[in-house]
Amino acid sequence: MPPITRRQDLASRAAHGGVAPAAKREGGQCPPYFETPYGVTTNGFTLVEIMMVVAILGLAAAIAVPLLSDTKDVQVASASRQVVSALLFAQTASISEQTPYQIVVDNVTDSISVLDQDDAPITDDLLSQTSLQVSFPTTPNMSQVKVDSVDFDGGNRIWFDRLGAPYSGLIADNTPMNTGQIILRAGDHTVTVNVEPVTGRITLVE
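In the numbering used here, the protein residues as written are 72 to 277.
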């Protein structure tokens, strides 16, 4: 049987109330259009549907592209939290164990270490004796972070007494700290970690 024409198909659909007739085109496929009270309609996406898809894709790109293209702000934020955690650990341990703990920040190797009063590295018993030392260049989610500057009264060492008060320099010097600041940088993003004198209160400035 020869294939039906579009006019024949529309006439047959109209006679059947808009339902596709039994006759099909050559190859067994129904024509991609049907008759409605408003005229001929073809199968496909409407303009509104296409605009919705484009809007969703645009929103997803707006969220994903910044995260994929620039993670420096995320890395420096993670590093600053690591520094704060180390400072709080040393301060809390000094109070709870009534013995000095100290922090050494190295702006050459871009690392931070927690040491006891004898300068021995502190290990974490919960992490199989893992040293509480963080080297930013070798840490995957902080590899772009640099220690831009460190200033504990001109040095790179801070320790806490039995009351949690901060001191600078060597423990034997017993010098109360007056200035405490660490600046971390990743690209154009910086975070400043401040340690207040006397109280040892720690704050972040982004």
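Don't be surprised by glycine CBs; every beta carbon is placed ideally from N, CA and C.
Those residues which DSSP pairs with residue i across a bridge
| i | result |
| --- | --- |
| proline 237 | Phe231 |
| arginine 272 | For arginine 272, which the question treats as bridged, DSSP gives no partner whatsoever. |
| leucine 255 | Val218, Val262 |
| threonine 210 | None, per the DSSP bridge assignment. |
| lysine 226 | Looking at the sequence shown, residue 226 is not lysine but glycine. Bridge partners of glycine 226: Phe223. |
| threonine 246 | Ser239 |
Where residue i falls, given that 16 or more other Cβ within 10 Å makes a residue buried
| i | result |
| --- | --- |
| glycine 167 | Looking at the sequence itself, residue 167 is serine, so the reference to glycine does not match. Serine 167 is exposed by the Cβ-count criterion. |
| glutamate 267 | exposed |
| alanine 161 | buried |
| leucine 118 | exposed |
| leucine 186 | buried |
| arginine 256 | buried |
| aspartate 244 | exposed |
| glutamine 169 | exposed |
| glycine 225 | exposed |
| leucine 203 | buried |
| proline 211 | exposed |
| aspartate 181 | buried |
| methionine 213 | buried |
| valine 179 | exposed |
Separation of residue j from residue i, as counted between CA atoms
| i | j | result |
| --- | --- | --- |
| phenylalanine 231 | threonine 142 | 34 Å |
| isoleucine 242 | serine 165 | 12 Å |
| valine 262 | proline 247 | 25 Å |
| glutamine 188 | leucine 128 | 57 Å |
| glutamine 173 | glycine 251 | 13 Å |
| lysine 95 | glutamate 120 | Low confidence applies to lysine 95: its pLDDT is 46, below 50, so where it sits in the model is not reliable enough to give any reading. |
| serine 43 | alanine 126 | A question about residue 43 goes unanswered here, because the residues of the chain that appear run from 72 up to 277. |
| leucine 275 | valine 147 | 12 Å |
| proline 192 | valine 145 | 28 Å |
| proline 208 | methionine 122 | 45 Å |
| leucine 159 | valine 124 | 48 Å |
| threonine 270 | proline 171 | 15 Å |
| valine 216 | aspartate 259 | 11 Å |
| arginine 233 | threonine 194 | 20 Å |
| phenylalanine 223 | tyrosine 238 | 8 Å |
| glycine 235 | glutamine 153 | 19 Å |
| threonine 163 | glutamate 277 | 25 Å |
| asparagine 249 | glycine 240 | 11 Å |
Cβ-Cβ separation, residue j to residue i (assumed contact under 8 Å), whole Å
| i | j | result |
| --- | --- | --- |
| isoleucine 254 | aspartate 219 | 4 Å |
| asparagine 227 | aspartate 190 | In fact, because the Cβ distance is near 13 Å, the residues do not count as touching under 8 Å. |
| valine 205 | isoleucine 229 | About 15 Å separates the two Cβ atoms, so there is no contact after all. |
| alanine 151 | valine 264 | Reading off the sequence, residue 151 comes out as serine, not alanine. At roughly 6 Å, the Cβ-Cβ gap stays under 8 Å, so serine 151 and valine 264 are in contact. |
Residue i: CB within 7 Å of a non-hydrogen atom of the ligand SAH
| i | result |
| --- | --- |
| serine 149 | This structure lacks the ligand SAH; in fact it carries no ligand of any kind. |
Cutoff 8 Å: residue i Cβ touching any chain D Cβ
| i | result |
| --- | --- |
| valine 155 | Here there is only one protein chain, and chain D is not present. |
Quiz item: Which runs of the alpha helix (DSSP H) fall wholly inside the stretch 117 to 188 and span at least 4 residues, in chain order?
Solution: If we require 4 residues or more, the alpha helix (DSSP H) runs fully inside the stretch 117 to 188 come out as 118 to 140, 143 to 168.
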